[in-house]
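Structure first, then comments.
In my numbering, the protein residues as written are 2 to 301.
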């Protein structure tokens, strides 16, 4: 699953995004927004944008406060959502500078999940879970080296994300220290996020979800072409695995994430499974959303 299994208060409040977005290389419509490897004065880029154009930033913050009030009630205390509001204002600001501004529910979806616990960390989690048997048997350890998040605005109600990473696999020597990288895995996650046009209270639909990575020779035996159903937190997915000569491709069925009104007023953790226990929250892959190459003859 490419979104978090559970939303803690740091995620709901936008603190996770406030910390993780500045330390991630992000590209919007082909423009590098900030690069974590560039030298800077240590100022958070979100705060830097706020200081540089305080009047505009304040106006955007006001817009996103009103968006939140519209979801959870005008009399609600939203002081704990300050980081969420700042990150949403920052994202709208950079979207405006580099193309079209997506709907605000799409912006807030990014605030919720553009962090190490969701989009950015999923490639490492999925790769690790796929290879846990091999890693344990051979005393190997995966370390994330580089990440780049590319966001393309398709139209006001659809955006496409592509996340590329470089994962180095190391072994431990006799002194239990990590050796030089034995081999490298390069996972890539891509998906489309869309909303009902002009409906900023609608849940976000995830489609065209694909994870692919190169397959170093020692890992070949751990993958086989298959299609299977996967239950996670009460949510059923169809996962297709294509085992090529040098690459593994996983495709996942479409799903909707919880609407922001479900959790923004939460005082504790929000369990994603509570939303998926409801009816009409899941959309399966079908011939209109996936070509026949998403399905394979072998089934388990």
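Using N, Cα and C, we set each Cβ at its ideal position, and we do this for glycine too.
Beta-carbon proximity check, residue i vs residue j, cutoff 7 Å
i	j	result
residue 140	residue 172	yes
residue 204	residue 158	no
residue 154	residue 101	yes
residue 23	residue 124	no
residue 148	residue 161	no
residue 93	residue 73	no
residue 89	residue 4	no
residue 216	residue 249	yes
residue 163	residue 208	no
residue 99	residue 54	no
residue 135	residue 223	yes
residue 82	residue 18	no
residue 50	residue 91	yes
residue 87	residue 47	yes
Cβ distance (whole Å) where residue i is taken to contact residue j below 8 Å
i	j	result
residue 7	residue 273	6 Å
residue 168	residue 186	4 Å
residue 70	residue 77	7 Å
residue 277	residue 271	Between residue 271 and residue 277 the Cβ distance is about 12 Å, and since that is not below 8 Å, they are no contact.
Run of the beta strand (DSSP E) containing residue i, from where it starts to where it stops
i	result
residue 115	Per DSSP, residue 115 belongs to no beta strand (DSSP E) and is neither H nor E.
residue 191	189-195
residue 251	248-253
residue 208	206-215
residue 3	Where residue 3 is concerned, there is no enclosing beta strand (DSSP E), given that its DSSP letter is neither H nor E.
residue 28	26-29
residue 184	184-186
residue 34	32-35
Through-space distance from residue j to residue i, alpha-carbon basis
i	j	result
residue 156	residue 84	26 Å
residue 14	residue 176	43 Å
residue 1	residue 261	Summary: the structure shown does not reach residue 1, with the chain confined to residues 2 through 301, and so no result is reported for it.
residue 133	residue 253	21 Å
residue 241	residue 65	38 Å
residue 290	residue 200	Note that residue 290 has pLDDT 37, beneath the 50 cutoff, so the model's placement of it is unreliable and no number is given.
residue 190	residue 117	14 Å
residue 129	residue 35	28 Å
residue 131	residue 226	14 Å
residue 284	residue 195	No answer about residue 284 holds up, because its pLDDT of 48 lies below 50 and its placement is not dependable.
residue 63	residue 110	18 Å
residue 60	residue 21	24 Å
residue 79	residue 266	8 Å
residue 56	residue 183	51 Å
residue 9	residue 122	16 Å
residue 269	residue 127	27 Å
residue 202	residue 257	13 Å
residue 152	residue 75	32 Å
residue 212	residue 58	36 Å
residue 298	residue 230	Low confidence applies here, because residue 298 scores a pLDDT of 30, under 50, leaving its location unreliable and the question unanswered by this model.
residue 221	residue 145	21 Å
residue 104	residue 219	45 Å
residue 45	residue 32	19 Å
residue 11	residue 106	19 Å
residue 179	residue 25	25 Å
residue 293	residue 52	Per-residue confidence for residue 293 stands at a pLDDT of 35, beneath the threshold of 50, marking its modelled position as unreliable; the derived number appears in the next sentence. Straight-line Cα distance between these residues: approximately 51 Å.
residue 16	residue 193	24 Å
residue 275	residue 228	26 Å
residue 288	residue 243	At residue 288 the pLDDT is 34, less than 50, meaning the model places this residue with poor confidence; the figure from the coordinates comes in the next sentence. Looking at the two C-alpha atoms, the distance is approximately 18 Å.
Extent of the continuous alpha helix (DSSP H) to which residue i belongs
i	result
residue 10	10-14
residue 273	273-277
Residue i at chain B interface by Cβ criterion, 7 Å
i	result
residue 114	Protein chain content of the structure displayed is limited to a single chain, and chain B is not contained in it.
Original post:
Curious, which full-length alpha helix (DSSP H) runs of at least 4 residues does the stretch 119-177 contain?
Top reply: You should have 120-138.
Original post:
Which ranges does the alpha helix (DSSP H) cover as unbroken runs of at least 4 residues, wholly within the stretch 40-101, from first to last along the chain?
Top reply: For secondary structure counted as the alpha helix (DSSP H) over 4 or more consecutive residues, the stretch 40-101 holds these complete runs in sequence order: 46-53, 55-73 and 83-98.
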